[in-house]
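Visitor:
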Amino acid sequence: MEYNFSETEKKWQDYWRANATYRASIDKSKPKYYVLDMFPYPSGAGLHVGHPLGYIASDIFSRYKRLKGFNVLHPMGYDEFGLPAEQYAIQTGQHPAVTTAQNIARYREQLDQIGFSFDWEREVRTSDPKYYKWTQWIFSLLFNSWYNNDSKKAEEISSLISRLEKEGNQKVNAANSEERIFSAAEWNGFDEKTKSDILLNYRLAFISEATVNWCPALGTVLANEEVKDGVSERGGHPVERKLMKQWSLRITAYAQRLLDGLDVIDWSDSLKEQQRNWIGRSDGAEVTFQIDGMNEGLLIFTTRPDTIFGATYMTIAPEHELVEKLTTSDRRNEVMAYVTEAKNRSERERMAEVKNITGVFTGSYSIHPFSGNKIPIWIGDYVLAGYGTGAVMAVPAHDSRDYAFARHFNLPIVEVVAGGNIAEESYDAKEGKLINSDFLNGLDVKDAIKKTIGEIEKRGLGLGKVNYRLRDAIFGRQRYWGEPIPIYYKNGIPQLVEAKDLPVVLPEVDKYLPTEDGEPPLARAKNWSYNGHPLETTTMPGWAGSSWYFLRYMDAKNENAFASNQALDYWKDVDLYMGGAEHATGHLLYVRFWTKFLHDRGFIAIDEPAKKLINQGMIQGRSNFVYRVKDSNKFVSYNLRKQYDVTDLHVDVNIVENDVLDIEAFKKWREEFAAAEFILEDGKYICGAEVEKMSKRWWNVVNPDDMVSKYGADCLRLYKMFLGPLELSKPWNTNGISGTSGFIRKLWKLYHKLDGRDLVWEVSNDEPSKAEFKALHKTIRKVEEDMERFSFNTSVSTFMICVNELTDLKCNKRAILEPLAIIVSPYAPHIAEELWSQLGHKESITKATFPQWKEEYLVESEFAYPISVNGKTRLNIALSLAFTKEEIEREVLNSEEVKKLLSGQPVKKIIVVPGRIVNIVL
RNA sequence: GCCCGGGUGGUGGAACUGGUAGACACGCAGGACUUAAAAUCCUGUUCCCGUUGAGGGAGUGCGGGUUCGAUUCCCGCCCCGGGUACCA
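Each residue of the first sequence is one higher than the one before, counting from 230 in the working numbering.
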């Protein structure tokens, strides 16, 4: 019988489901291994052929690890909350839960076809109240925590309160936004509202008034990483800066630990680098410049304190709190006009005008702390309010932005580090000797930085200081489709909903839009209150549920905790995390933050969520084109198109095979082509091709369902891996799929013999030959090595080589074919199960053990040495591997062929690497 | 601009710590089987010159260097992909 993939694949998928083959449970007799795919958001379009790439790789690895004796946790679920479902709900009036459920059903169907080994009993869905109860619970924990910089961890808020009661906040070293210093007595005298406001400045989940990214079209604020190029990542709508009260998470408290943690995890360099840049640590100093004629100082941050003698003016952000005070009356009109304009500019305008230098002089001067010189204070929008102190000492000679500004406004430029040509451009490099700098003269930049900071601290002008680019994460969204924030307001004071009353269930609303007076959609809900007090109306952002889901999989159904200690202790962390690099600064930073937080609060032992992370490359689309002769219904084949005046049209890639157009299908594709005529080459219509993004628009979308029904899941799995290294982006091209399809047929044939026209099962129990053992064992070794370095494409090649060799050897020995089925099974599980059961096994092949390769079958006695002359290979000579260097040298030089080759030329030197190469140098 | 990746046949790619460049597969060409086609099988296939099946030369984006030997290491450039953008 020929191999019938559709029947066999269905059979085994049913078997796996019926027998819960992939159920994972705690088993302390085995080492655990946790393989996780990034949480999919079930979009309406279903899976296209690009999505399963990572899933297939992680599935293969999971199956491999099971065969290697690990207890594997390999779950799947859905990140359901998100903007697209809600936008769709707004348009159609359908509840987002309904459309989301439909999308999930479709996803599941598609996933099942590919034969994944997920433990579906652990499925999680973020919009399930049983799940988001715990998301809300973690939020409550964040609200009830503060970050102690002395102990370097998050602590229960009560420990802070008792300190405030005893000693005030003078000695409290916390990550906070509180500026006042108060004594214990003062604290104890504050009213409840004041205390609440102060504590919010310490809590890790807090309300603050901050400039946020407001997107009017989506009607919500967005986090920094949800904004790209001044427009929203979802939908591409303009984003404005707006001052708003917002729930935020104090991720900045963890900036240094998030940075340090990168050194201990095995993630790709590019991804770590992205996180490092996003966190953006810079080392420098904060220095106060006294303002001339005022009892007030201007605090600046600089990473180049060494250049302080080159500071010829100051610049502050238009939003700086001292703008008002610093502006002299004669400058008032001009300054106010500038500030108003700068504030109203949208993010996009601001970015578009980066090269446009704008600024205004305040009329005030500051006193240089070392030279005592008077230097002017300017306002410029190249200084950002949100970074550092919102003020800089401008050193035009050594900072390109200050340089451009100084040139534009004719401000003095003083060189203080030798090495550049400041008449031409600023010299920003941190190299050279200090000049024009009093006590710093002659020092190197590095030493000068140290010395300046020392001096600044000694004179009480400021402190050495580290700044981070990372901002606190805006957590509230003015949207419907998200987890309600478990907060209510009692006399305007935010209070937590009690743990026993969680979850706060997402209410029904009549419309998924803001109310007439601009309140978020939840304000439409009837009785949106808790014990008579109004509940918070903003919801959590899309990334809330995904920041801890990896923990829930460990114990998905637990109703008493987000996961039991037993499960957390056993499964610990993710061993292999597979997913796209696009989550570098969003999800992957938040999940690390929440993990560290839960660790601090004693709920989990781990401090990083995933030991190893692999980014699978993107699958791009490959479009096909047909060429229509202008003003006709004639189509000319690719290589003849230049002889005509043609328009190129995208053609559905699903009716093209190996760039050859299926003409009949084309005629049926669209009515207008029914009567099309063709100018062929060699009797075929050849299409043009180009790599583009996979999109409906370009008719280049290939979905996995079609591939599965045409070639089978095993073939699709093998082909995807065969395409190239996992991390590389590549266009999806079905041209080569017949290769893996042929491989499956050849594999099947190994276990059969041809009886007339039929294939009949035939496997013998005879002892295999040496050659057969060798073919198998070198395959086992290579595949194992490839697996350990996630080189899936080379494994597939190795299988092909093995099957080709065994076919040549006409091998049908059980002792070879049984282990072969096992090592192939992670890649092609369906056919492997079928072969396994026909070999007489009652249990699934997934319960088998990965075979061990044996050195004895691999030893070679001879090696065909490549003999090269001056590094160029000339011929091969087979020699015993037992030979010493000297013996090899003698054999080679005495060989007739080599003598002929050298034709008497003197040998200058001969390099012999036993088992590798011989190089003769003339 | 800056920071990461990456440039190997007609195509996808292989070559693990410097040691036979092009494994494996697609495509293509020729052949076998077939009334024919599909399927299958066999042979060839980096390029150039040459040819009886001899032989020779070039070759891993470009130019240099280190080395007996470089796709691999170093220096300088070019191109492509991704990230990021006044972060002081």
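We put the CB at the ideal spot given by N, CA and C, even for glycine.
With distances taken from CA atoms, which of Tyr336, Leu433 and Ile289 is nearest Asp934?
Guide: For the purposes of this step, residue 934 is identified with residue 705 of the first sequence, where counting begins at 1. For the residues Tyr336, Leu433 and Ile289, the minimum Cα distance to Asp934 belongs to Tyr336.
Visitor: Can you name the start and end residues of the alpha helix (DSSP H) that Glu919 belongs to?
Guide: As a working mapping, residue 919 is identified with position 690 in the first sequence. From DSSP, Glu919 is part of no alpha helix (DSSP H) but of the beta strand (DSSP E) over Gly917 to Glu921.
Visitor: Would you call Ser600 buried or exposed, if buried means 16 or more other Cβ atoms sit within 10 Å of its Cβ?
Guide: Here residue 600 refers to the residue found at position 371 when the first sequence is read from its first residue. Classification for Ser600: exposed.
Visitor: Write down the C-beta distance between Phe822 and Cys916 rounded to the nearest angstrom, noting that I regard them as a contact closer than 8 Å.
Guide: As a first step, residue 822 must be located in the first sequence, where it is residue number 593. As a first step, residue 916 must be located in the first sequence, where it is residue number 687. The Cβ separation is near 49 Å, so there is no contact.
Visitor: What's the C-alpha gap between Pro625 and Leu640?
Guide: For the purposes of this step, residue 625 is identified with residue 396 of the first sequence, where counting begins at 1. For the purposes of this step, residue 640 is identified with residue 411 of the first sequence, where counting begins at 1. Their backbone Cα atoms lie some 9 Å apart in a straight line.
Visitor: Please state whether the Cβ-Cβ distance between Trp961 and Ile884 is less than 7 Å.
Guide: As a working note, residue 961 is residue 732 in the first sequence. As a working note, residue 884 is residue 655 in the first sequence. Contact flag unset, no.
Visitor: Among Val882, Ile973 and Asp1037, which one has its Cα closest to the Cα of Glu1164?
Guide: This structure cannot settle anything about residue 1164, because the visible part of the chain is limited to 230 through 1151.
Visitor: If you draw a straight line from the C-alpha of Tyr317 to the C-alpha of Thr329, how long is it?
Guide: Mapped onto the first sequence, residue 317 falls at position 88. Mapped onto the first sequence, residue 329 falls at position 100. For Tyr317 and Thr329, the distance between alpha carbons rounds to 10 Å.
Visitor: Answer with buried or exposed for Asp874, where buried requires no fewer than 16 other C-beta atoms within 10 angstroms of its C-beta.
Guide: Position 645 of the first sequence holds residue 874. Burial call: exposed.
Visitor: Looking only at its chain, what residues have a beta carbon closer than 8 Å to the beta carbon of Ser993, apart from the 5 residues adjacent to it on each side?
Guide: The count along the first sequence starts at 1 and reaches residue 993 at position 764. Cβ within range, chain order: Asn1041, Lys1042 and Arg1043.
Visitor: Have a look at Pro269 and Val858 and give me their C-alpha separation to the nearest angstrom.
Guide: Numbered from 1 along the first sequence, position 40 holds the residue referred to as residue 269. Numbered from 1 along the first sequence, position 629 holds the residue referred to as residue 858. Approximately 44 Å between the Cα atoms of the pair.
Visitor: From Leu909 to Val278, what distance separates their C-alpha atoms?
Guide: As a working mapping, residue 909 is identified with position 680 in the first sequence. As a working mapping, residue 278 is identified with position 49 in the first sequence. Taking the straight line joining both Cα atoms gives about 31 Å.
Visitor: Determine the direct distance from the alpha carbon of Met543 to that of Leu731, and round the result to whole angstroms.
Guide: Stepping through the first sequence from its first residue, residue 731 is reached at position 502. Stepping through the first sequence from its first residue, residue 543 is reached at position 314. Near 52 Å, if we compare the C-alpha coordinates of Met543 and Leu731.
Visitor: Using DSSP bridges, identify the partner residues of Glu515.
Guide: The sequence position of residue 515 within the first sequence is 286, counting from 1. In DSSP, Glu515 forms a bridge with Phe530 and Leu692.
Visitor: In this structure, does DSSP put Phe347 in helix, strand or coil?
Guide: Residue mapping note: residue 347 aligns to position 118 of the first sequence, counting from 1. Residue state, collapsed to three classes: coil.
Visitor: Under 8 Å, with one C-beta from each stretch per pair, do the segment 629-636 and the segment 652-659 reach the 3-pair mark?
Guide: Judged by Cβ distances under 8 Å, the segment 629-636 makes contact with the segment 652-659, as three or more pairs qualify.
Visitor: Quick one: which unbroken alpha helix (DSSP H) runs of 4-plus residues sit fully inside the segment 313-369? Chain order, please.
Guide: Correct list: 325-342.
Visitor: Below 8 Å, how does it come out for the segment 666-675 and the segment 521-538: are there three or more Cβ pairs, yes or no?
Guide: Yes, since at least three Cβ pairs between the segment 666-675 and the segment 521-538 fall closer than 8 Å, the two stretches touch.
Visitor: Quickly, what does DSSP pair Gln845 with across the bridge? List them, please.
Guide: Position 616 of the first sequence holds residue 845. Paired residues: none, contrary to the question.
Visitor: Look at the alpha carbon of Ile367 and the alpha carbon of Tyr717, and state the distance between them as a whole number of angstroms.
Guide: Against the first sequence, residue 367 aligns to sequence position 138. Against the first sequence, residue 717 aligns to sequence position 488. Each residue's Cα considered, the two are about 16 Å apart.
Visitor: At which residues does the alpha helix (DSSP H) containing Glu1125 begin and terminate?
Guide: Taking the first residue of the first sequence as 1, we reach residue 1125 at position 896. Counting along the chain, the alpha helix (DSSP H) containing Glu1125 begins and ends at Glu1125 to Leu1131.
Visitor: What are the uninterrupted segments assigned as alpha helix (DSSP H) that are 4 or more residues long and contained completely in the segment 962-1011, given in chain order?
Guide: Entirely contained in the segment 962-1011, the alpha helix (DSSP H) runs reaching 4 residues are, in chain order, 966-979.
Visitor: Jot down the residue ranges of each uninterrupted alpha helix (DSSP H) in the segment 1051-1076, minimum 4 residues, whole runs only, in chain order.
Guide: With a minimum length of 4 residues, the continuous alpha helix (DSSP H) runs that stay inside the segment 1051-1076 are 1058-1067.
Visitor: What ranges does the alpha helix (DSSP H) occupy inside the segment 833-892, keeping only unbroken runs of at least 4 residues that lie completely in it?
Guide: DSSP runs (the alpha helix (DSSP H)) wholly in the segment 833-892: none.
Visitor: Tell me the DSSP secondary structure of Ser758 in three-state form.
Guide: As a first step, residue 758 is located in the first sequence; it is residue number 529 there, counting from the start. If DSSP states are grouped into helix, strand and coil, Ser758 belongs with the strands.
Visitor: Taking 8 Å as the limit between beta carbons, can you name the residues of its chain near Gly513, skipping five residues before and five after?
Guide: One-based indexing of the first sequence puts residue 513 at position 284. Excluding sequence neighbours, Gly513 sits near Phe530, Thr531, Thr532, Arg533, Pro534, Gly693, Lys694, Val695 and Asn696.
Visitor: Going by C-alpha to C-alpha distance, which of Arg510, Ile508 and Gly526 sits closest to Val516?
Guide: Numbered from its first residue, the first sequence carries residue 516 at position 287. Among Arg510, Ile508 and Gly526, the Cα nearest to that of Val516 belongs to Gly526.
Visitor: Rounded C-beta distance between Gly846 and Leu955? I'm assuming under 8 Å.
Guide: If you number the first sequence from 1, residue 846 lands on position 617. If you number the first sequence from 1, residue 955 lands on position 726. Going by Cβ atoms, the distance from Gly846 to Leu955 rounds to 7 Å, so yes, they are a contact pair.
Visitor: When DSSP builds the beta bridges, which residues end up paired with Tyr1094?
Guide: Here the question's residue 1094 lines up with position 865 in the first sequence. Ile1106, per the DSSP bridge assignment.
Visitor: Using a Cβ-Cβ cutoff of less than 6 Å, which residues in the same chain neighbour Glu408 once the five nearest sequence positions on both sides are dropped?
Guide: Position 179 of the first sequence, counted from the first residue, corresponds to residue 408. If we look at Glu408 and ignore the five residues flanking it on each side, it has no Cβ neighbours.
Visitor: Report yes if the C-beta distance between Thr814 and Trp507 is below 7 Å; otherwise report no.
Guide: Mapped onto the first sequence, residue 814 falls at position 585. Mapped onto the first sequence, residue 507 falls at position 278. It is a contact, given that the beta carbons lie within the stated cut-off.
Visitor: Could you name each continuous beta strand (DSSP E) segment of 3 residues or more that falls completely within the segment 447-511, going from the start of the chain to the end?
Guide: Listed in chain order, they are 449-451 and 469-478.
Visitor: Can you tell me the Cα-Cα spacing of Asp984 and Lys978, whole angstroms?
Guide: Looking up residue 984 in the first sequence gives position 755. Looking up residue 978 in the first sequence gives position 749. If I take the Cα positions, the gap works out to 12 Å.
Visitor: Roughly how many angstroms lie between the CA atoms of Leu1131 and Glu1120, to the nearest whole one?
Guide: The residue labelled residue 1131 in the question sits at position 902 within the first sequence. The residue labelled residue 1120 in the question sits at position 891 within the first sequence. Computed Cα separation, rounded: 15 Å.
Visitor: From this set, Arg560, Val889, Val450 and Asn932, which residue's C-alpha is nearest Tyr914's C-alpha?
Guide: The residue labelled residue 914 in the question sits at position 685 within the first sequence. Taking only the C-alpha atoms, the option nearest Tyr914 is Val889.
Visitor: Below 8 Å, how does it come out for the segment 341-359 and the segment 777-787: are there three or more Cβ pairs, yes or no?
Guide: Because the criterion of three Cβ pairs below 8 Å is met, the segment 341-359 and the segment 777-787 touch.
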